[in-house]
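S.K.: Note that the numbering used here gives residue 146 to position 59 of the sequence shown, counting from 1, and the numbers run on in steps of one.
Virtual Cβ for every residue (Gly too), placed ideally from N, Cα, C.
Since the structure is predicted, the reported quantities are computational estimates derived from the model, not experimental observations.
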Amino acid sequence: MADETGNYSFSSEADPSRRTRVRIDGPFDPGAARCHLIVGFDRHAAGHAALGYAIDLAAKLDAFLHVAHIVDTGDLPIDPDSAYWEQTITDTLEQERRDAWTLLEHAPGPWAYYSRPGCPAHLLTDLADTHDAEMIIIGTSRGGLAALLQRFTGESVTAQLLHHAQRPILVVPEPKAQ
88 MADETGNYSF
98 SSEADPSRRT
108 RVRIDGPFDP
118 GAARCHLIVG
128 FDRHAAGHAA
138 LGYAIDLAAK
148 LDAFLHVAHI
158 VDTGDLPIDP
168 DSAYWEQTIT
178 DTLEQERRDA
188 WTLLEHAPGP
198 WAYYSRPGCP
208 AHLLTDLADT
218 HDAEMIIIGT
228 SRGGLAALLQ
238 RFTGESVTAQ
248 LLHHAQRPIL
258 VVPEPKAQ
């Protein structure tokens, strides 16, 4: 729900109507942003790397940064019959938000955080179109058999964005393990 300033807040209450669509605005200075950047974010290392890179790039470009977490099956608990299923989803999404905020607290410019269910490529493209973004920034795929199958069938987020988005796509590699 929006507060009196129009900002959205997120509660960890197990309320499905609040979980479906969240927007949280960070610091805002209307004159600070010369352009908009969209970045996809998730709990994986490549998602964190993409957000870190996007924060640095937004500072250099004086850009408004739109951070989007797309709620997908990776956010869902394994057992849908669990008495704690709804709470587990809410807790997982709340942790995603906290992780993003940990990185965003150092962002020098304006930003907004979105959490929505749906097709990642469509939602990132829609957000980019809405704000006439300069580019969409995402992390590399997670790897493994599932990622291989998604690439083979053309269902990977990267492949979908490269084929359908009408703006540049920047793919940030996962940091090397040390």
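#1: Under 7 Å, do Tyr-140 and Val-259 count as touching if we go by C-beta distance?
#2: So, is Arg-121 buried or exposed, given that buried needs 16 or more other C-beta atoms within 10 angstroms?
#3: If contacts are defined as beta-carbon pairs under 8 Å, then Tyr-201 and His-153 qualify, I think. What distance do you get, rounded to the angstrom?
#4: If we count the other Cβ atoms within 10 Å of its Cβ and call it buried at 16 or more, is Asp-129 buried or exposed?
#5: Please state if the CB of Pro-207 and the CB of Val-158 are separated by a distance shorter than 7 Å.
#6: What residues match up with Tyr-199 in a beta bridge as DSSP calls it?
#7: Report the three-state DSSP secondary structure of Ile-165 (helix, strand or coil).
#8: Just verifying my parser: in three-state terms, what is the DSSP assignment at Asp-102?
#9: Report the option in His-156, Thr-212, Thr-227 and Asp-216 whose CA atom is closest to the CA atom of Ala-199.
#10: May I ask you to check if the CB of Asp-129 is nearer than 6 Å to at least one heavy atom of the ligand ADP?
M.R.: Taking the structure as given:
#1: Taking a C-beta distance under 7 Å as the contact criterion, Tyr-140 and Val-259 qualify as a contact pair.
#2: Label assigned to Arg-121: exposed.
#3: With 8 Å as the limit, Tyr-201 and His-153 qualify as a contact, their Cβ atoms being about 7 Å apart.
#4: Buried is the call here.
#5: For the pair Val-158 and Pro-207, the CB atoms are not nearer than the 7 Å cut-off.
#6: A quick correction: the sequence has Ala, not Tyr, at residue 199. According to DSSP, which records beta bridges pairwise, Ala-199 is partnered with Asp-112 and His-153.
#7: Note: Ile-165 maps to coil in three-state DSSP.
#8: Unreliable positioning characterises Asp-102 in this predicted model, as indicated by a pLDDT of 43, which lies under 50. A coordinate reading is not provided.
#9: That would be His-156, whose Cα lies nearest to the Cα of Ala-199.
#10: You won't find the ligand ADP in this model; it holds no ligand whatsoever.
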